[in-house]
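Under this note's numbering, think of the first position of the sequence shown as 18, with each following residue one higher. Here a beta-carbon is modelled for each residue, glycine too, at the ideal position from N, C-alpha and C. Some notes on the structure that comes next.
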Amino acid sequence: MELLDGKVTANAVLEELTEAVNQMKAEGKRAPHLAAILVGNDGASLTYVGGKVKACERVGFESSLIRMPEETTEEELLSKVAELNADDSIDGFIVQLPLPKHINEDKVVQAVAPEKDVDGFHPVNVGRMALGLPSFLSATPYGIVQLLERYKIPTEGKHCVIIGRSNIVGSPMSILMRRNAHPGNCTVTVTHSRTKDLAAFTRDADILIVALGRPEFVTADMVKEGAVVIDVGITRVEDTSRPKGYRVTGDVKFDEVAPKSSFITPVPGGVGRMTIASLMMNTLMAARKEIYP
Ligand code: NAP
18 MELLDGKVTA NAVLEELTEA VNQMKAEGKR APHLAAILVG NDGASLTYVG
68 GKVKACERVG FESSLIRMPE ETTEEELLSK VAELNADDSI DGFIVQLPLP
118 KHINEDKVVQ AVAPEKDVDG FHPVNVGRMA LGLPSFLSAT PYGIVQLLER
168 YKIPTEGKHC VIIGRSNIVG SPMSILMRRN AHPGNCTVTV THSRTKDLAA
218 FTRDADILIV ALGRPEFVTA DMVKEGAVVI DVGITRVEDT SRPKGYRVTG
268 DVKFDEVAPK SSFITPVPGG VGRMTIASLM MNTLMAARKE IYP
C-alpha cells in the first residue's frame with residue numbers, strides 16, 4: 018500500500034505556483050488576487066476559508082476575505098457578488114458554502130461571473146467541462162485528478178466507482194473520470210443513496226472514490242484487493258481526548274481498508290489539501306485569462 022499524500026503533493030503544487038507568481042511579478046504584472054465571501058460564523062467554514070487565505074499568502078497571491086453577518090439577505094449577498102464581478106482588481110472569487118438556509122445557494126452560484134468562478138461551480142463551467150471545453154474544474158475533483166496524475170496511477174480502461182452524486186464532488190468527478198484524457202478514460206459507475214447492493218459495485222472498483230459524508234462508511238469487505246481508494250469525506254466527530262474536542266474523519270475505515278488497497282488517501286492530509294491547491298491553480302489561470310481570454 019502506498020499513501021496518496023495530499024500534503025506533499027499540494028506543497029509541490031504551491032511551490033510551482035510561487036514560481037509562476039514570481040515570474041509574473043518579474044514581468045511587471047500584478048500578483049493574482051483571490052477573494053472569498055464568508056457569510057455567518059460556521060466553524061468548519063471559517064477553518065476552510067482560513068486555509069485558503071493562508072495558501073494565498075504562501076504563494077504570493079493577494080487575498081481579500083469579505084465577512085458578512087449570518088442575517089445577510091439574499092439581495093445583499095447578490096449585490097456583493099455583482100460588486101466583485103465588476104472589480105477588475107479581483108481575478109477570481111468564491112462564496113464559501115454552505116450558506117445560511119434563507120439564502121438560495123443556486124441563485125448565488127449562478128450570479129458569479131463564469132470567468133471569475135474559480136470554484137468551478139457555475140453551470141457554464143460545469144457544462145463546458147462536460148463538453149470537454151476549457152473551463153474551471155471544480156476544485157475537489159480537480160485536486161483528485163491531480164493526485165492521480167502526479168502518482169502516475171493508470172486510469173485508462175479501469176472501472177471507477179464513485180459513491181455520491183453531489184454537484185460539487187460526485188457528479189463533476191464522474192465527468193472527469195470518463196473523459197477522453199489522462200487521467201480519465203475510465204468506465205464510471207455513479208452510486209448514491211438509492212443504489213441497491215452498493216457493495217456489489219464497490220467490490221468491482223479498480224478506483225473507488227468515496228464522497229458521501231458518513232464517517233468510516235466503507236469497510237474492508239466493500240473493497241477489492243489492490244484497489245485505489247480516494248476518501249473525500251470530511252466529518253468532525255466528537256472526541257474529548259483532542260484539544261479541539263473533535264477529530265476529522267473520512268468516509269473510509271482507513272485502518273482496515275489501507276492494507277487491501279494499492280493506493281489510498283489519508284484523512285486529514287489527503288483530498289482536502291489538494292482542493293485548496295486546485296483553487297489556487299484556478300486563480301492563477303483566471304489571472305492569466307487562460308480559460309476565458
Ligand atoms: P452531499 O451533497 O451531502 O452528497 C452526498 C452524496 O452521498 C449524495 O449523492 C447521497 O445520495 C450520497 N449518499 C448518502 N448516503 C449514502 C449511502 N448510504 N449510500 C450511497 N450513497 C449515499 O455531500 P458532498 O458535498 O458531496 O460531500 C461529501 C463528503 O465530502 C462530506 O464529508 C464533505 O464534507 C466532504 N467534502 C470534502 C471536500 C474536500 O476538500 N476534501 C470537499 C467537498 C466535500 P443522494 O444523492 O441520493 O442523496
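Cβ of THR212 within 9 Å of Cβ of GLU273? no
Would you mind giving the Cβ-Cβ distance between ALA48 and GLY77, rounded to the nearest angstrom? I have them listed as a contact below 8 Å. 5 Å
Closer than 8 Å: LEU229 CB and nearest ligand 1 heavy atom: yes
Roughly how many angstroms lie between the CA atoms of PHE271 and GLU100, to the nearest whole one? 44 Å
At what residues does the alpha helix (DSSP H) containing ILE161 begin and finish? 156-167
Hey, could you find the ends of the beta strand (DSSP E) GLY263 is sitting in? Note on residue identity: the sequence assigns Tyr, not Gly, to residue 263. Segment 263-266, the beta strand (DSSP E) holding TYR263.
Measure the beta-carbon distance from PRO158 to LEU193 and round it to whole angstroms, keeping in mind my assumption that it falls under 8 Å. 5 Å
Just to confirm, is the Cβ distance from GLY160 to VAL288 under 9 Å? yes
For the pair the segment 181-197 and the segment 220-228, tell me if three or more CB-CB distances fall below 8 Å. yes
Chain-order list of residues whose beta-carbon lies under 6 Å from that of GLU233 (same chain, five-residue window excluded): LYS270
Would you check if the distance between the CB atom of LEU301 and the CB atom of ASP136 is smaller than 9 Å? no
When every heavy atom of ligand 1 is checked, does at least one fall within less than 8 Å of the C-beta of GLY181? yes
Ordered along the chain, which non-local residues of its own chain (more than five positions away) have a Cβ less than 6 Å from that of GLU79? ALA48 and HIS50
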